[in-house]
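Chains A and B supply the protein sequences, listed in that same order.
The numbers in this note's numbering rise by one with no breaks, and the one at position 76 of the first sequence is 412.
The numbers in this note's numbering rise by one with no breaks, and the one at position 82 of the second sequence is 124.
C-beta atoms are modelled at their ideal positions from N, C-alpha and C, and glycine is treated no differently.
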Amino acid sequence: GQQLNQSPQSMFIQEGEDVSMNCTSSSIFNTWLWYKQDPGEGPVLLIALYKAGELTSNGRLTAQFGITRKDSFLNISASIPSDVGIYFCAGQETSGSRLTFGEGTQLTVNP
Amino acid sequence: EAQVTQNPRYLITVTGKKLTVTCSQNMNHEYMSWYRQDPGLGLRQIYYSMNVEVTDKGDVPEGYKVSRKEKRNFPLILESPSPNQTSLYFCASSPGGLENIQYFGAGTRLSVL
């Protein structure tokens with residue numbers, strides 16, 4: 337099946353710091369999605385990317401669809417305690433095909 | 043309010059005792075899916091359904107069954123649960139088609155003793 341590698345697996349940062357995480361795929365994706373999962377909840381969509389090279393922001397979050405279409409990046413600026421959670425990338429090869437999820441990045445923000 | 047509802051949220055059972063986890067969505071979505079989440083493995087798809095009466099295996103279907111008799115419901119059935127099915131389960135739905143943005147339920151934590 338699909339291989340989608342997400343890194344880092346975990347991050348421990350101080351409040352106010354910026355955060356970067358990324359996903360790489362063994363094949364080309366047409367769609368990249370970034371989700372956040374709060375403790376005890378299901379994943380919630382943060383950002384959706386549909387075009388190679390696309391850079392999209394949602395508040396302090398910025399995500400990019402890699403130009404090779406095999407990778408994507410998520411940046412969080414000026415982190416706050418409520419940013420704590422697990423961040424997942426997900427990719428879709430073609431329209432209507434299944435999503436493949438990365439293993440997740442566990443983010444801890446120390447006040 | 044648009045949502046995906048799973049029940050129960052928590053379940054402890056014993057090996058071999060059949061169980062069903064229900065999933066219902068009120069967004070008239072065509073596509074529904076079940077995932078299991080295990081530490082270090084992310085979300086792995088169990089089964090999915092593109093529409094009523096159409097279901098397909100995901101990456102880890104062994105030991106599970108599903109049905110899609112009506113659009114809003116997509117129950118997950120464990121005929122004979124085993125301890126390796128102890129996990130956190132999520133149901134998701136999406137409109138399908140070009141933008142497969144999936145909306146997730148709150149999860150069901152299952153322990154099989």
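Going by DSSP, what residue range makes up the beta strand (DSSP E) through residue i?
| i | result |
| --- | --- |
| G84 of chain B | G84 to N93 |
| Y371 of chain A | T367 to Q373 |
Give me, in chain order, the residues of the same chain whose beta-carbon lies closer than 7 Å to that of residue i; leave out the 5 immediate sequence neighbours on both sides.
| i | result |
| --- | --- |
| T436 of chain A | Q338, L340, A426 and G427 |
| S148 of chain B | Residue 148 of chain B is actually Ala in this sequence, not Ser. Hits under 7 Å: Q48 and R51. |
| V380 of chain A | Y371 and K372 |
Please name the residue or residues paired with residue i in a DSSP beta bridge.
| i | result |
| --- | --- |
| Q79 of chain B | B:L85 and B:L130 |
| Y52 of chain B | B:R151 |
| Y106 of chain B | Its beta-bridge partners do not exist; DSSP assigns none. |
| Q400 of chain A | A:L391 and A:F409 |
| T436 of chain A | A:G427 |
| Y386 of chain A | None; Y386 of chain A has no bridge partner. |
| K99 of chain B | B:Y89 |
Taking the alpha carbon of residue i as the reference point, which residue from the options has its own alpha carbon closest?
| i | options | result |
| --- | --- | --- |
| W370 of chain A | A:T430, A:A414 and A:D407 | A:D407 |
| G438 of chain A | A:F409, A:N394, A:P417 and A:G395 | A:F409 |
| W368 of chain A | A:I349, A:P375 and A:T398 | A:T398 |
| Q342 of chain A | A:M357, A:P375 and A:S362 | A:M357 |
| S153 of chain B | B:S135, B:F132 and B:Q127 | B:Q127 |
| E95 of chain B | B:P103, B:R114, B:E104 and B:P81 | B:R114 |
| G100 of chain B | B:Y77, B:V46 and B:S129 | B:Y77 |
| S156 of chain B | B:D80, B:M69, B:S66 and B:H71 | It is not possible to answer for residue 156 of chain B, since the shown part of chain B is limited to 43 through 155. |
| Q345 of chain A | B:V56, B:P103, B:S124 and B:G84 | B:G84 |
| Y106 of chain B | B:L155, B:E43, B:V56 and B:V63 | B:V63 |
Starting from the C-beta of residue i, find all residues in its chain whose C-beta is less than 8 Å away, skip the five residues before and the five after it, and write them out in chain order.
| i | result |
| --- | --- |
| T97 of chain B | Y89, Y90, S91, V108, S109 and R110 |
| N394 of chain A | L382 and I383 |
| N366 of chain A | Y386, R405, Q428, E429, T430 and S431 |
| L53 of chain B | L61, V63, T150, R151, L152 and S153 |
Is the CB of residue i under 9 Å away from at least one CB in chain A?
| i | result |
| --- | --- |
| A148 of chain B | yes |
| Q87 of chain B | yes |
| F42 of chain B | Only positions 43 to 155 of chain B appear in the structure, and residue 42 of chain B is not among them; the question remains open. |
| Y106 of chain B | no |
| G58 of chain B | no |
| Q144 of chain B | yes |
Spatial neighbours of residue i within its chain, please: CB distance less than 6 Å, with the 5 preceding and 5 following residues excluded, ordered by chain position.
| i | result |
| --- | --- |
| G58 of chain B | S122 |
| M74 of chain B | S91, F116 and S135 |
Tell me, please, whether the CB atom of residue i is closer than 9 Å to any CB atom in chain B?
| i | result |
| --- | --- |
| E439 of chain A | yes |
| Q400 of chain A | no |
| F424 of chain A | yes |
| E390 of chain A | no |
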